[in-house]
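Scroll down for the structure; my scribbles are underneath it.
Residue numbers (UniProt numbering), protein chains in the order written: chain R, 1 to 532; chain A, 1 to 532.
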């Protein structure tokens with residue numbers, strides 16, 4: 001089927017029903033033919049091939065092992081040392097074949113219905129096509145003038161999304177705040193932190209950067225520590241406050257208060273709190289309202305809420321406890337690519353005081369074209385709201401998703417995952433060998449095998465569960481889950497969030513886990529027997 | 001043609017030949033029908049519509065005014081306050097119509113053949129489809145294990161691209177260095193700066209961040225100052241060394257040495273130099289080899305080369321003077337989305353010592369899944385090479401571009417723009433009313449109207465040229481250029497880099513500039529006459 005191509009193609013690892021059709025009858029742009037580089041007919045011809053390729057991939061996605069069995073270097077070894085000098089004949093078709101035969105068998109299929117690891121990528125047809133459309137239009141909306149409609153659509157969709165998530169008006173443009181669409185939570189947290197830092201340093205003097213202290217819990221995502229490091233906060237001034245199982249791994253306001261008090265007494269300056277709604281390990285929800293009250297007592301500490309995962313759940317009014325948290329925060333971010341049908345990457349951030357962002361990140365140079373039409377207007381130049389000047393037209397994708405699925409569609413999507421997670425949780429509880437380790441609030445179930453009597457302590461139990469995860473993930477048509485280690489307890493994480501996941505995938509996943517557990521426990525019993 | 005849709009559609013501003021066909025006969029995913037959110041057939045059907053939509057856009061692109069005549073709020077006023085609760089019937093088709101009728105008439109068409117402003121976005125069919133493919137596959141390659149083939153392809157293509165650009169082996173994986181593909185130069189510079197900062201602070205003590213000094217010229221892109229601010233370098237410790245027209249606006253090694261010496265004598269610590277190959281205003285090239293020698297004399301100052309624009313030109317061996325510059329640098333970045341046919345966004349960065357990056361930006365948390373296959377191997381986890389954890393599979397696009405156009409294809413593309421710029425330069429020189437203000441080295445021509453006698457000084461000449469740019473840009477089928485202000489001299493910038501630009505567009509652009517100049521000069525002559 002595949003003629004010899006620039007890469008050596010390999011066999012094996014392809015989906016069992018080999019769904020992706022070969023691409024044929026295409027010619028390739030000539031190296032010298034620069035006029036054809038962006039030719040409408042050429043785009044149409046190759047573009048239809050790409051659409052069919054992706055559709056075929058989706059059709060066969062359930063048949064791929066979620067995670068490939070490959071070893072480091074497997075792909076590098078198969079590719080030439082240099083880029084081709086001139087394209088081979090029919091290069092695009094050959095490249096698509098190599099994507100099918102070389103690359104897809106070596107990726108982790110984040111969209112697989114059996115992907116339960118990390119937080120799965122909650123993608124959609126409209127999200128993917130929104131990205132494709134933005135790439136085709138290819139504008140660079142770093143200022144209003146650099147693409148007015150792109151900036152305005154971004155302003156509209158962050159307000160749309162903010163209202164859909166029941167955020168307070170003060171975080172929306174309509175209420176004097178405002179939002180932007182960045183790539184990742186890492187960027188959002190960094191922007192908020194730099195804005196807070198510069199506002200504080202303007203008060204206390206720029207040279208006191210070494211006195212600033214930031215706060216989080218031991219459950220806060222590494223993104224925050226990364227941002228704090230980048231922003232020049234001393235590593236020893238990042239307070240990771242311990243959390244406990246009895247508190248559902250949420251950050252304790254009194255512990256935060258004590259930490260801030262101690263820092264103030266030591267002559268340091270509390271700067272920033274990164275609270276989390278839906279931690280990565282167990283989806284714990286920090287008591288943000290109470291934390292804001294503590295922060296307010298310490299000279300206006302900036303409170304950012306990292307709702308990377310669970311922010312999407314705010315679309316459902318039944319999560320009213322969680323919705324209430326945003327009332328007094330300075331900024332909040334969530335990843336629409338995590339659970340809200342926007343393809344990677346898509347992080348929405350809102351701030352109550354955009355002027356602090358612009359003061360820290362704003363730029364002014366002659367060569368940035370202004371537009372006479374914008375003079376006297378208070379236009380948003382999004383280059384001043386983020387860490388980068390060049391940016392993509394991500395708003396288009398978010399707008400299409402909201403438009404084509406509607407707020408009710410997003411709710412159905414979230415609810416279906418929450419319901420499947422509840423069903424998985426019930427199955428775990430029905431099997432006395434297992435326990436649910438952390439309360440399930442959204443669509444993540446944290447569970448583990450109880451330690452069999454006489455096996456030994458916590459360490460042995462952790463090893464047992466580590467082995468269970470490894471074996472469950474090794475089944476080529478089985479689930480792919482990940483783990484957490486919280487308070488010394490190792491647990492398996494079953495995160496339901498892939499758009500293609502249906503109830504049967506959840507049931508089958510549980511069956512695989514049960515079977516592997518049975519086999520492991522038999523071995524353990526034998527081992528305990530023998531070693532007596 | 002367009003039935004009533006969720007948005008109110010407007011007329012006017014569409015391309016004159018209205019090339020984009022109406023999209024019909026489609027139904028929309030039901031809000032409750034989550035099973036269809038990523039359905040292969042639905043993707044195929046809507047995907048083909050998107051491909052035709054983009055192809056139609058390309059076909060009519062030359063007919064749009066490059067820059068829209070709109071005023072702030074024009075789009076926000078036309079959109080509803082809230083996202084729809086449920087999608088309207090045929091929502092996707094309606095949304096595409098609104099993209100055509102509402103959004104496209106309000107964007108700046110960066111891919112227009114008459115876009116000569118900033119640096120145009122040098123896009124391609126394969127670049128756009130590479131983005132579409134990556135969005136469809138939607139993997140999140142933050143570690144090797146999180147998508148092995150994506151990480152390995154990135155390692156391969158940065159070496160491919162590095163060799164194609166004649167970079168020294170020490171910046172490639174093959175030579176002990178290595179590269180990554182980020183979104184923007186802002187990110188690349190920030191990563192390099194944070195790596196350098198933390199390496200230096202490990203030597204001199206973390207609390208001395210307030211003693212660190214960074215260097216650039218007054219021509220360096222604001223991206224560097226933004227990065228320095230984010231990284232916590234004191235604003236007054238960013239030395240912007242003046243450049244001069246006699247030095248072609250390049251950074252003087254002796255001035256750099258003097259600045260560093262003065263800082264050392266004041267007890268400060270020189271940290272980082274951001275040199276530029278192809279400045280934004282005039283494409284000046286700093287003498288990087290000599291600057292590296294100066295940096296080496298001051299305790300291993302990290303030298304980063306920002307080759308955001310001109311890095312692409314290194315693909316052509318005839319730029320051997322420029323190619324030679326990378327020999328001793330610590331890191332280098334270039335935007336393949338600026339001039340190398342990769343759609344936005346795409347910044348390649350190479351470093352000689354990846355370990356410094358990982359030391360500063362590396363993360364380690366239990367919930368990040370490892371892969372047993374990777375144990376004992378020295379795998380690259382790209383989350384430790386950048387400011388973010390979540391990232392897109394940008395390598396796919398770069399690989400497709402290199403594969404389908406070949407290194408010779410990239411050369412032809414760059415050379416055709418350089419040749420057109422040379423032709424434009426010659427036309428400017430042929431008209432005695434104009435002067436070329438800065439030497440043309442790549443595909444940017446900086447020029448201005450000479451100040452007519454008796455008009456007055458530099459300020460009046462600047463006003464004259466400001467008016468010339470405004471009038472030239474106002475012609476709806478004319479060019480769109482930008483400006484620079486260097487050494488008190490205002491100049492027009494004609495940057496040739498849009499993939500669709502042909503010689504006739506350049507000739508026509510010049511004709512518009514000449515005509516406007518004639519009309520402005522007549523008015524000026526009358527005014528000078530009258531006011532005598």
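Glycine residues also receive a C-beta, built at the ideal position from the N, C-alpha and C atoms. Computed from a predicted structure; not experimentally measured.
Closest by CA to residue i, which one among the options?
i: residue 524(R); options: 481(R), 515(R), 464(R), 504(R); result: 464(R)
i: residue 446(R); options: 417(R), 460(R), 433(R), 490(R); result: 490(R)
i: residue 71(A); options: 147(R), 64(R), 341(R), 41(R); result: 147(R)
i: residue 65(A); options: 480(A), 229(A), 419(A); result: 480(A)
i: residue 515(R); options: 113(R), 472(R), 408(R); result: 472(R)
i: residue 437(R); options: 129(R), 417(R), 263(R), 492(R); result: 492(R)
i: residue 299(A); options: 317(A), 261(A), 324(A), 410(A); result: 261(A)
i: residue 88(A); options: 496(R), 401(R), 452(R); result: 401(R)
i: residue 358(R); options: 449(R), 381(R), 460(R); result: 381(R)
i: residue 160(R); options: 36(A), 83(A), 101(A), 234(A); result: 83(A)
i: residue 403(R); options: 102(R), 81(R), 125(R), 363(R); result: 125(R)
i: residue 202(R); options: 201(A), 235(A), 194(A), 190(A); result: 235(A)
Under the three-state reduction of DSSP, which class applies to residue i: helix, strand or coil?
i: residue 366(R); result: Any reading at residue 366(R) must be qualified, since the residue scores a pLDDT of 48, below 50, and its modelled position is unreliable; no value is offered.
i: residue 445(R); result: strand
i: residue 222(R); result: helix
i: residue 57(R); result: helix
i: residue 115(R); result: strand
i: residue 484(R); result: strand
i: residue 520(R); result: helix
i: residue 179(A); result: strand
i: residue 346(A); result: coil
i: residue 495(A); result: strand
i: residue 525(A); result: helix
i: residue 325(A); result: helix
i: residue 5(R); result: Because the pLDDT of residue 5(R) is 43, which lies under 50, any placement of that residue in the model is unreliable, and the question is left without a value.
i: residue 86(A); result: coil
i: residue 191(A); result: helix
i: residue 153(A); result: helix
Per DSSP, which residues does residue i bridge with? Please list them.
i: residue 434(R); result: 449(R)
i: residue 270(R); result: 213(R)
i: residue 306(A); result: 276(A), 333(A)
i: residue 490(A); result: 485(A)
i: residue 427(A); result: DSSP, once it has assigned bridges, lists no residue as partnering residue 427(A).
i: residue 351(R); result: 178(R), 331(R)
i: residue 285(A); result: 277(A)
i: residue 502(A); result: Note: residue 502(A) sits in no beta bridge, so no partner.
i: residue 241(R); result: 217(R)
Shorter than 6 Å, the distance from the beta carbon of residue i to the closest heavy atom of the ligand SAM, or not?
i: residue 69(A); result: The model on display carries no ligand, and the ligand SAM is accordingly not part of it.
Query - Proximal residues, the segment 59-84 of chain A versus chain R, C-beta separation under 8 Å - result: 59, 67, 68, 69, 70, 71, 72, 73, 74, 75, 76, 79, 81, 82, 83, 84
Query raised in the report: Touching or not, the segment 204-217 of chain A and the segment 176-186 of chain A, by the rule of three or more beta carbon pairs under 8 Å?
Result: The segment 204-217 of chain A vs the segment 176-186 of chain A: no contact.
**Report entry** chain A contacts from the segment 167-189 of chain R (Cβ-Cβ distance under 8 Å)
**Finding:** 174, 183, 184, 185, 186, 187
Requested in this report: Say whether the segment 38-57 of chain A touches the segment 54-64 of chain R, bearing in mind that this needs 3 or more beta-carbon pairs closer than 8 Å, one atom from each stretch.
Outcome: yes
Query raised in the report: What are the residues of the segment 103-129 of chain A that lie near chain R, defined by any Cβ-Cβ distance shorter than 8 Å?
Result: 103, 104, 105, 106, 107, 108, 109, 110, 111, 117, 118, 121, 123, 124, 125, 126, 127, 128, 129
Query raised in the report: Of the residues that make up the segment 189-207 of chain R, which ones have a beta carbon closer than 8 Å to any beta carbon in chain A?
Result: 190, 194, 197, 198, 206, 207
Query raised in the report: How about the segment 132-148 of chain A and the segment 100-112 of chain R: do they share at least three Cβ pairs that are nearer than 8 Å?
Result: yes
Requested in this report: Could you say if the segment 111-122 of chain R and the segment 322-331 of chain A meet the contact criterion of at least three C-beta pairs nearer than 8 Å?
Outcome: no
Query raised in the report: Any contact of the segment 298-317 of chain R with the segment 269-276 of chain R, i.e. 3+ C-beta pairs under 8 Å?
Result: Judged by Cβ distances under 8 Å, the segment 298-317 of chain R makes contact with the segment 269-276 of chain R, as three or more pairs qualify.
Query raised in the report: Between the segment 394-414 of chain A and the segment 150-164 of chain A, do at least 3 Cβ pairs fall closer than 8 Å?
Result: yes
Query raised in the report: Are the segment 449-456 of chain A and the segment 234-253 of chain A touching, with three or more C-beta to C-beta distances below 8 Å?
Result: no
Report task. Determine, using beta-carbon pairs with one atom in the segment 150-159 of chain R and one in the segment 314-321 of chain R, whether at least three such pairs fall under 8 Å. Result -> no
Query raised in the report: Mind listing which residues of the segment 260-288 of chain R have their C-beta closer than 9 Å to chain A's C-betas, in chain order?
Result: 280, 281
Query raised in the report: Are the segment 423-440 of chain A and the segment 328-347 of chain A in contact at 8 Å, needing three or more beta carbon pairs?
Result: no
Requested in this report: Identify each residue in the segment 218-234 of chain A for which the Cβ-Cβ distance to at least one residue of chain R is less than 9 Å, and report them in chain order.
Outcome: 221, 222, 223, 225, 226, 227, 229, 230, 231, 232, 233, 234
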